[in-house]
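Peer 1:
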Amino acid sequence: RDLLTWRGELYLELHRGTYTSHAANKAFNRRCELLLRDVELLAAAALALGAAAQGYRFPRAELTKVWRDVLLFQFHDVLPGSAIGMVYDVALPRYAEMIHELCSLRAAAATACGAAGGAGRRGRVGARPAAS
């Protein structure tokens, strides 16, 4: 009954101007998204080509760990650049670790694709446009 009610836009006078962009953070986020896509695509292709028979496994645990951190860093203050400095002290080195790990996973998946797809077959693994 005695609670205050606010109507209209909430304007905080002491919050004038914040950083709205951290270019490196945004670039690393996008790089991780693209690498995650690449790894998932290549890993699935490797399994479809029969790489499991040669010991390749889908890197589920590794991808889950990276996805969780990428999604955490997409939190509403981190990606736009309005988080406190300590957040970026943690996020930027972690992005570098994730990119390194994803590049290794991508290379392993691509190798597995080549080994599985090339076993007993002539040519390269990949899609070719149909002749018209």
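In this text, residue positions in the sequence shown follow the numbering used here: the first is -13, and each later residue adds one. Cβ coordinates follow ideal geometry from the N, Cα and C atoms, glycine included.
Label Ala102 either buried or exposed according to how many other C-beta atoms from any shown protein chain fall within 10 Å of its C-beta, with 16 as the threshold for buried.
Peer 2: Flag for Ala102 reads buried.
Peer 1: Put Ile85 into one of helix, strand or coil per three-state DSSP.
Peer 2: Helix.
Peer 1: Just to confirm my understanding: we take Val25, look at its own chain, exclude 5 residues before and 5 after, and list those with CB closer than 8 Å. What are they?
Peer 2: Here the set comprises Pro45, Leu49, Leu88, Leu91, Arg92, Ala95.
Peer 1: Three or more beta-carbon pairs under 8 Å between the region 61 to 74 and the region 11 to 18, yes or no?
Peer 2: At 8 Å Cβ cutoff, the stretches touch.
Peer 1: Which same chain residues, not among the five before or five after Tyr42, have their C-beta less than 6 Å away from its C-beta?
Peer 2: The residues are Ala32, Ala98.
Peer 1: Nearest by alpha-carbon distance to Tyr170: which of Phe59, His86, Glu83, Met84 is it?
Peer 2: Examination of residue 170 is not possible in this model, given that the chain is present from -13 through 118 alone.
Peer 1: Of the residues Leu(-11), His62, Val56, which one's Cα is nearest the Cα of Ala77?
Peer 2: When each option's Cα is compared against that of Ala77, the closest is Val56.
Peer 1: Which residue comes first and which comes last in the alpha helix (DSSP H) that contains Glu26?
Peer 2: Where Glu26 is concerned, the enclosing alpha helix (DSSP H) stretches over 9 to 34.
Peer 1: Could you check where the alpha helix (DSSP H) with Val64 kicks off and where it finishes?
Peer 2: Per DSSP, Val64 belongs to no alpha helix (DSSP H) and is neither H nor E.
Peer 1: Would you call Met84 buried or exposed, if buried means 16 or more other Cβ atoms sit within 10 Å of its Cβ?
Peer 2: Label assigned to Met84: buried.
Peer 1: Could you work out which residue in Leu22, Gly(-6), Trp(-8), Arg16 is closest to Leu51 when comparing CA atoms only?
Peer 2: A small fix is needed here, since residue 51 is Lys in this sequence, not Leu. Per the Cα distances, Leu22.
Peer 1: Given that a residue counts as buried once 16 or more other Cβ atoms are within 10 Å of its Cβ, and exposed if not, what is Ala29?
Peer 2: With 16 or more other Cβ atoms within 10 Å, it is buried.
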